[in-house]
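Under full-length UniProt numbering, think of the first position of the sequence shown as 1, with each following residue one higher.
The C-beta atom is built at its ideal place from N, Cα and C for all residues, glycine as well.
The next block holds one structure in the form of C-alpha cells; read it before the comments.
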Amino acid sequence: MREPVLSTYKILKEKAFNSDITESWIDWAIEMMEAGYESINLYELAGTTRPYNQFELKELTNKVFKDLNLDYSDKTKTLKNYVYFLLTSNIDKPEKYDKVLREFRDIYYELDMDSEYQDLALLYWAKDDLLYADYQHYWEGANRENIDAIIKEQFELFKRRFDTEA
Numbered sequence: 001m002r003e004p005v006l007s008t009y010k011i012l013k014e015k016a017f018n019s020d021i022t023e024s025w026i027d028w029a030i031e032m033m034e035a036g037y038e039s040i041n042l043y044e045l046a047g048t049t050r051p052y053n054q055f056e057l058k059e060l061t062n063k064v065f066k067d068l069n070l071d072y073s074d075k076t077k078t079l080k081n082y083v084y085f086l087l088t089s090n091i092d093k094p095e096k097y098d099k100v101l102r103e104f105r106d107i108y109y110e111l112d113m114d115s116e117y118q119d120l121a122l123l124y125w126a127k128d129d130l131l132y133a134d135y136q137h138y139w140e141g142a143n144r145e146n147i148d149a150i151i152k153e154q155f156e157l158f159k160r161r162f163d164t165e166a
C-alpha cells in the first residue's frame with residue numbers, strides 16, 4: 001500500500017487557486033514517485049527543470065491530477081483540507097508556529113479577508129509583533145510568555161470545529 005504524501009494537500013490548494021507552478025511541485029512529484037505512485041505524466045513533472053513554462057506545466061499538472069485521481073474542483077473543501085493538515089501536523093510544534101501562521105495570513109488575504117480565517121491572521125500578527133516587542137494589540141491578553149499556548153489552544157479549537165463539520 002502506498003503511503004500518503006502530506007505535501008499533496010498544499011499542492012491541491014495551489015492548483016485550486018491557480019498558483020504558479022514552482023520547485024515545490026517538482027519536489028512533490030518526486031515524493032509521490034518515492035511513495036510508489038506511478039504515471040508517465042508524474043515522471044515528466046518530476047524531471048522538469050527551469051525555466052518553467054507555466055502554460056505547459058498547467059496542462060501537464062492537469063494530466064497528473066487526472067492520472068492520480070486527485071480532485072481540487074471544490075475550492076472550499078480543498079482549502080479546508082489544507083488548513084486541517086497544517087493545524088494537525090503543527091499543533092505541537094511551537095517552533096513552526098510563525099511559518100504556519102504566515103501561511104494562514106496569506107490564505108486570509110487570498111480569500112479577501114474571509115472572517116473564517118481572521119483569528120488565525122490575528123494570531124500571526126500578534127506572534128510577529130511579540131518577536132520584536134513586548135506589546136501587541138491583535139490578541140487580547142497575549143504576551144511573549146503565553147502566545148504559544150494561545151496559538152496551540154486556537155489550533156485545537158479550529159481542529160475540533162473542522163472535525164465536527166466533517
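> Between residue 42 and residue 48, which are expected to be in contact by the criterion C-beta below 8 Å, what is the C-beta distance as a whole number of angstroms?
Replying inline: Not a contact, Cβ separation roughly 11 Å.
> Which word fits residue 14, buried or exposed, when buried means at least 16 other C-beta atoms lie within 10 angstroms of its C-beta?
Replying inline: Residue 14 is buried by the Cβ-count criterion.
> Going by C-alpha distance, which of 119, 76, 54, 133 is nearest residue 154?
Replying inline: 119
>> Tell me the DSSP secondary structure of residue 140 in three-state form.
In response: coil
> Expressed to the nearest angstrom, what Euclidean distance is found between the alpha-carbon atoms of residue 30 and residue 37?
Replying inline: 10 Å
> Looking only at its own chain, which residues have a Cβ that is under 7 Å from the Cβ of residue 32, when we skip the five neighbours before and after it?
Replying inline: 5, 42
>> Does residue 55 pass the burial test, meaning 16 or more other C-beta atoms within 10 Å, or should it be called exposed?
In response: exposed
> Run through DSSP, which three-state label would residue 93 get?
Replying inline: coil
> residue 62: buried (16+ other C-beta within 10 angstroms of its C-beta) or exposed?
Replying inline: exposed
> On the premise that residue 40 lies in contact with residue 25, defined as a C-beta separation below 8 Å, what is that separation, rounded to the nearest angstrom?
Replying inline: No, residue 25 and residue 40 are not in contact; Cβ-Cβ is about 17 Å, not under 8 Å.
>> Spatial neighbours of residue 20 within its chain, please: C-beta separation below 7 Å, excluding the five flanking residues on both sides.
In response: 54
> Where does residue 22 sit, in a helix, a strand or coil, going by DSSP?
Replying inline: coil
> Which residues in the same chain as residue 126 place their Cβ atom closer than 7 Å to its Cβ, once the five residues preceding and following it in sequence are excluded?
Replying inline: 136, 138, 139, 142, 147
>> Classify residue 8: buried if its beta carbon has 16 or more other beta carbons within 10 angstroms, exposed otherwise.
In response: buried
>> With the cut-off set at 8 Å, would you say residue 80 and residue 162 are in Cβ contact?
In response: Yes, Cβ-Cβ distance for residue 80 and residue 162 is below 8 Å.
> Which of helix, strand or coil does DSSP assign to residue 48?
Replying inline: Note: residue 48 maps to coil in three-state DSSP.
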